[in-house]
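In our numbering, the protein residues as written are 1113 to 1486. Read through the structure below, which is laid out as C-alpha cells, and then see the notes.
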C-alpha cells in the first residue's frame, strides 16, 4: 500500500485503535505494515482527542511519507502542527484544506524541505506563518472560495500578507504560482480585490509559470495581471501564463492584450488556454460505430465550428497572436443527441446510421434458396 486516507469518526475511537494497533506478538504495528507508504491524508480529525500513542505513531512511524494532505483539522498549538510536519523527514508536498491553526504562532518550521504547498480556505493565516521560511518551495497553489476567511478583525488581508511573506522566503526557488478563484457573493467581491493588492511576487525572479483560474469572476484576471505588470521590481523571466477557459469568458480583450505586452511578460513564450469542442453522432458518420468517440470527423460541422472559434479567439489578442505565444488545447466532448423510443431514451441516429441499420435488418430477413450460400 502506497496511499492511506484516514477520515475521523465520532470521538476518533476507530482512528485511535487503528494507529495503536499491534500484532499479538507485538512485532508489528500499523507503521511497520505500511512502511512504504508515501501519501497520507487526514480528514475531519479532532487532533486533541487522539491518544498520545496515536499521535506518537503518526509523528514517528511514517518516515517514507512524501505527500501529506490535511483537511478540516484544528491545531490548538504551534507545536502540534510543526511537530507533525517534522516527523516526516521525506515530506516534500503539503496540502491544507479548511484547517485551523493557533492564534499564536511565534514558532516556525525551520529547515523546511517542502517543494509544493497547496492551501484552500484556511480559517486563519497562522498556519502559513508557521510554514515560513520555506527556502525550497518551488510550487505554490491557493484556492479562494470562501469570502469569510479572507479578512481578519482589522479588515486586513492577513492570508495574502502571510502568503507574500512565505513566497518571499522562497526567493529564487519559486518556479510556479497557481491561483484558483471560486464563486464569491457580490457583496464580498471587494475583499477579492483587496486580497489581490496584498499579494506580491517581487522576490521570485525565477518564476517561470503562473496559472490563474477565475472563470467565475473574469475581471479578477485583468486586475491580477495588471497588478503584476505594474510592480516596480525587476520582472521575472516568466515563460508560461495559463488562463483556463479564456475563450469562453467575457473580458476587455484589448486591455488584456495590452497588459501582456508589458515588461513583466517580456519573456513569455506561451499564453496557454483551452477551448471546448462538443460534438454528437452527426459529427462522426465517417467513423466505425461505437459508444464513445474521442473526436469528430475532420470535415464535420463541429470541427468547422471549432476552427472558426479558434480564428475568432486569435483576433481578440492580436499582439499576442503576432508574437506566436497563443497555445490552445482542445477539449473534445462527445454528447450525442437522445430520443425516446418505446419508453427508452436512446441516442438519436444520423441519416447514414439509419440507412445502415435498415440494410442490416433487411439482410437478416432475406431467406436464401436451399443449397445457396451468402
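The beta carbon of each residue, even a glycine, is placed where N, CA and C say it ideally should be.
Coarse secondary structure for residue i, derived from DSSP in three states
i	result
residue 1183	strand
residue 1442	strand
residue 1109	The first residue shown for the chain is 1113 and the last is 1486, placing residue 1109 beyond what the model contains.
residue 1415	helix
residue 1200	coil
residue 1386	strand
residue 1358	helix
residue 1209	strand
residue 1365	helix
residue 1432	helix
residue 1147	coil
residue 1450	strand
residue 1427	helix
residue 1266	Low confidence applies to residue 1266: its pLDDT is 47, below 50, so where it sits in the model is not reliable, and the reading given next is rough at best. Coil.
Residue nearest to residue i in terms of C-alpha spacing, selected from the options
i	options	result
residue 1125	1376, 1166, 1201, 1325	1166
residue 1199	1237, 1220, 1236, 1172	1172
residue 1313	1435, 1344, 1420	1344
residue 1395	1290, 1446, 1367, 1149	1446
residue 1280	1302, 1292, 1291, 1252	1252
residue 1284	1318, 1307, 1308, 1257	1318
residue 1342	1147, 1420, 1377	1377
residue 1129	1391, 1162, 1140, 1415	1162
residue 1448	1432, 1401, 1441, 1209	1401
residue 1204	1372, 1213, 1151	1151
residue 1230	1220, 1210, 1214, 1245	1210
residue 1428	1381, 1362, 1156, 1397	1362
residue 1293	1186, 1438, 1304	1304
residue 1235	1350, 1155, 1213	1213
residue 1250	1316, 1355, 1430, 1412	1316
residue 1054	1201, 1187, 1257	Absent from the structure is residue 1054, since the part of the chain shown begins at 1113 and ends at 1486.
residue 1353	1289, 1148, 1271	1289
residue 1328	1368, 1256, 1320, 1372	1256
residue 1202	1144, 1215, 1302, 1227	1227
residue 1399	1392, 1409, 1391	1409
residue 1403	1392, 1411, 1379	1392
Residue interval of the alpha helix (DSSP H) (run including residue i)
i	result
residue 1275	1270-1282
residue 1167	1164-1172
residue 1239	1238-1242
residue 1256	Taken as a continuous stretch (DSSP letters only), residue 1256 belongs to no alpha helix (DSSP H), being part of the beta strand (DSSP E) at 1251-1256.
residue 1128	1125-1131
Where the beta strand (DSSP E) containing residue i begins and where it ends
i	result
residue 1155	1151-1155
residue 1354	1352-1354
residue 1228	1228-1232
residue 1293	1288-1293
Spatial neighbours of residue i in its chain, beta-carbon cut-off 6 Å, leaving aside the 5 residues before and after
i	result
residue 1407	1444
residue 1132	1165, 1166
residue 1418	1389
residue 1453	Note on residue 1453: pLDDT 48, under 50, position unreliable in the model; no value is reported.
residue 1179	1151, 1205
residue 1137	none
residue 1254	1231, 1291
residue 1320	1287, 1351
Neighbourhood of residue i by C-beta, 7 Å cutoff - its chain only, sequence neighbours within 5 removed
i	result
residue 1306	1269
residue 1324	1291, 1333, 1336, 1355
residue 1278	1240, 1243, 1244, 1246
residue 1421	1359, 1387
residue 1193	1187, 1213, 1239, 1242
Own chain residues within Cβ distance below 8 Å of residue i, not counting five before or after
i	result
residue 1266	Confidence at residue 1266 is low in this model, with a pLDDT of 47, below 50, so the placement of that residue is unreliable and no value is reported for it.
residue 1364	1334
residue 1134	1140, 1141
residue 1308	1272, 1332, 1335, 1336, 1339
residue 1369	1428, 1429, 1430, 1431, 1432
*Run through the segment 1304-1356 for me and flag every whole alpha helix (DSSP H) of 4 or more residues, listed as ranges in chain order.*
1331-1341
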